[in-house]
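To convert, count from 1 in the sequence shown and add 60; that's this note's numbering. From the three backbone atoms N, C-alpha and C, an ideal C-beta is built for every residue, glycine too.
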Amino acid sequence: MMREALSEAKKAFDAGEVPVGAVLVCGKTVIARDRNRVTANRDATEHAEMRVLKAALKHFGTERLPPGTTLYVTLEPCPMCAGALLLSRVGRVVWAASDNNAGALGSALMLQDRVAMNWKVRVTAGLLKQEAECLLKTFFARCRTQNSSGEPV
């Protein structure tokens, strides 16, 4: 499934978005897949995880995910996404590249340990890490080259 998430991340890269892709499964069935669309939709909440989560909740017709759900994502979720994943009760999160600046499920902080949540998600880190990191590094190197104004990307 992580390869499918990487495929979504490559689509984001090609569209000029931060290359993050996500796939949500229930058991072995793919429920939703998507990628970052922050720039295209001019909406800071359009992270791959949020888009997949919204699609899955719509699919199930409920505010909570059923047991046995796993999210595969190419970059460790940020605090916004981690919070939404915890509130929707995803069972497991598997990510490729860690985010030492804003990762909220283990790298920069462990949100589920700092917030009074009654749900804990199982976390697996580093699956296809090198492929995801390469894509992210290439994207941000390209951004730095193209953006001589010094504005953050």
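Pull the bridge partners of Gly81 from the DSSP assignment, please.
Arg95
Leaving aside the five residues before and after Thr99 along the sequence, list all residues of the same chain whose C-beta is less than 7 Å from its C-beta, in chain order.
Gly76, Glu77
Straight-line gap, Ala65 to Ile91 (C-alpha atoms, nearest Å)
13 Å
From Asn178, Asn96, Ala108, Asp74, residue whose alpha carbon lies closest to that of Ser148:
Asn178
For Met110, the three-state DSSP class (helix, strand or coil)
helix
For Thr129, which residues does DSSP report across the bridge?
Cys86
For Ala185, name the three-state secondary structure that DSSP assigns.
strand
Counting Cβ pairs closer than 8 Å, one from the stretch 155-164 and one from the stretch 186-194, do we hit at least three?
yes
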